Amino acid sequence: MENGNKGFSTIITGFYDELVTIERKSPLTAETYRSAVQLLERWCVENDVSLKDLSVRHLTVYFASRRLEADELTVARDISAIRSFGTYLVRNKIWDKNTSLLLERPKAHRPLPRVLSVEQIEDILSVIDVSTPLGLRDRALFELIYSSGLRISEASGLLLQNVHIEERLLWVRGKGDKERLAPFGGEALKWLSLWLSDGRPSIVGSRAVPWVFVNYQGKQFSRKGIWKRFKELEAQVGLDAKVHTLRHSFATHLLAGGADLRSVQELLGHSDLSTTQIYTHVSSEELQAYHAEFFPNIKKPEK
């Protein structure tokens, strides 16, 4: 690179390595931060601004343009990435001070999560052809994501050694390498057992493959592969949802059934209770309907 930005890419690589090895960020978070800094790098090159001379004014202009092409949550995330990058630059004596700390993060209005009803989830799962090994995998996979509230990355990276069938427990590694125990229900147990005993062996054979869920080649079933398969299923049913919607539904259905917020926080692996509180948007009518389903013998108060 020219104009004082020679070596910018090398600096970004060092930043990424430090995020993973020293700060213990997850590879996904580290990659997100690296991508945000690479966008800034491109802007610096296009606008003839050197990394060393990057000022608050430059950053303000950059993020003003960024807001024209990204939503508030993305911009807020990018500012967090640049702040972290600034700390790295100061530590390595490339900047005298972290001027990015003067940036204000936009107050992002997080949209309420989309939630599927129990019936809609059953509709999606019912179209899976369980007569094939990959069909057994899909049924076990999505049953488990819903039953345990897994993130798509957690399901993709789930290891055999972390599945405890008899106890109906998963040892899950979530964001920031935070670990938690996640229970799963009877329906998930049924399909997971069939996948492990019948479907999976026919794909992996005698190979030692550590992941629970594999693709047709016997390799780890990637996040992208899981996402693509779910899109195919929802298209068959005529619903508009995401894999993560199953996790949203898991949390909302638990709260609607009477679970306390702290318990749901632990099951989801949220560090902050405020993140879990978004699921309390369920209307009083929905709460009453779910309560009647879970506790049918309780009489309604007389008016």
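In this note's numbering, the protein residues as written are 5 to 307. Glycine included, C-beta positions come from ideal geometry on N, C-alpha and C. Predicted model only: the values in this text are computed from it and were never measured.
For L173, the pairing in a beta bridge is given by DSSP as H168 and P187. Taking every protein chain shown into account, the CB of I16 has 16 or more other CB atoms within 10 angstroms, so this residue is buried. The DSSP-derived three-state label of L107 is coil.
The beta carbon of L107 sits closer than 8 Å to the beta carbons of V60, L63, T64, F67, I83, I86 and R87 from its chain, once the five residues preceding and following it are set aside; these are given in chain order. With fewer than 16 other CB atoms across the displayed protein chains lying within 10 angstroms of its CB, S206 is exposed. Beyond the five residues adjoining it in sequence on each side, L140 comes within less than 6 Å, by CB distance, of V134, L198, W199 and G203 in the same chain, given in chain order.
V79 is the residue among L93, L129 and V79 whose C-alpha sits nearest the C-alpha of A40.
Boundaries cannot be given for R28, as no alpha helix (DSSP H) includes it and DSSP labels it neither H nor E.
A distance below 9 Å separates the beta carbons of W215 and L164.
Under the Cβ criterion (8 Å, minimum of three pairs), the region 119 to 132 counts as touching the region 222 to 241. According to the DSSP assignment, I98 belongs to no alpha helix (DSSP H), since it is labelled neither H nor E. By the Cβ-count criterion, G11 is exposed, with fewer than 16 other Cβ atoms from all chains shown falling within 10 Å of its own Cβ.
Judged by DSSP secondary structure, F146 falls within the alpha helix (DSSP H) whose first and last residues are P137 to S152.
Nearest C-alpha to A192 among W231, R71 and S151: S151. By a beta-carbon distance limit of 8 Å, L250 contacts F146. Their separation comes to about 7 Å. Contact between the region 95 to 103 and the region 217 to 230 is absent: fewer than three C-beta pairs spanning the two stretches fall below 8 Å.
Excluding its 5 nearest sequence neighbours in each direction, E183 has C-beta neighbours in its own chain below 8 Å: W175, V176 and R177, listed in chain order. Boundaries cannot be given for W199, as no alpha helix (DSSP H) includes it and DSSP labels it neither H nor E.
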